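Below you'll find the structure, written out as structure tokens, and then a few comments.
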Amino acid sequence: LYIFYNDQEIEIPQSSLAQIKSIVDFLRKKSSSTIDIKSYTDSHGAAEDNLSLSWKRANLLKDYLMQQGISFERITARGFGASNFLWSNSTETLKKLNRRTVLYINQ
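Its first residue numbered 285, the sequence shown is counted upward by one per residue in the working numbering.
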């Protein structure tokens with residue numbers, strides 16, 4: 285699952301909540317599954333700020349999953365800042381595609 289953000293946004297976008305809830309339901313049913321959360325930013329701003337922002341996004345999602353009853357031992361959350369771009373950062377639309385959190389389910 286890819287979650288995309290507006291510039292400097294930290295909160296989980298409402299448009300992604302239904303998909304996240306589906307993942308929570310899956311994780312509840314498959315108690316041996318784990319989830320990796322990887323968060324990235326675009327290239328706008330200072331590297332240190334982008335790294336911090338990506339960690340905040342990843343940890344916010346981890347906290348949400350834990351509030352939904354998913355054990356912290358099953359969740360890995362990491363922020364990578366302005367790295368691993370999917371697209372160039374030449375337009376606002378492309379920047380938004382780089383401002384993302386990716387959820388990987390390990391079965």
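A virtual CB, placed ideally from N, CA and C, is assigned to each residue, including glycine. Quick caveat: nothing in here was measured; it's all calculated off a predicted structure.
{"Item": "Looking at the structure shown, is residue 319 part of a helix, part of a strand, or coil, going by DSSP?", "Value": "strand"}
{"Item": "What whole-angstrom Cβ distance do residue 319 and residue 389 have, given they're in contact under 8 Å?", "Value": "5 Å"}
{"Item": "Exposed or buried, which one is residue 321 when buried takes at least 16 other CB atoms within 10 Å?", "Value": "buried"}
{"Item": "Check each candidate in 360, 385, 357 and name the one with the smallest Cα separation from residue 369.", "Value": "385"}
{"Item": "Let me make sure I understand the geometry here. Which of 285, 312, 292, 310 has the alpha-carbon closest to that of residue 299?", "Value": "285"}
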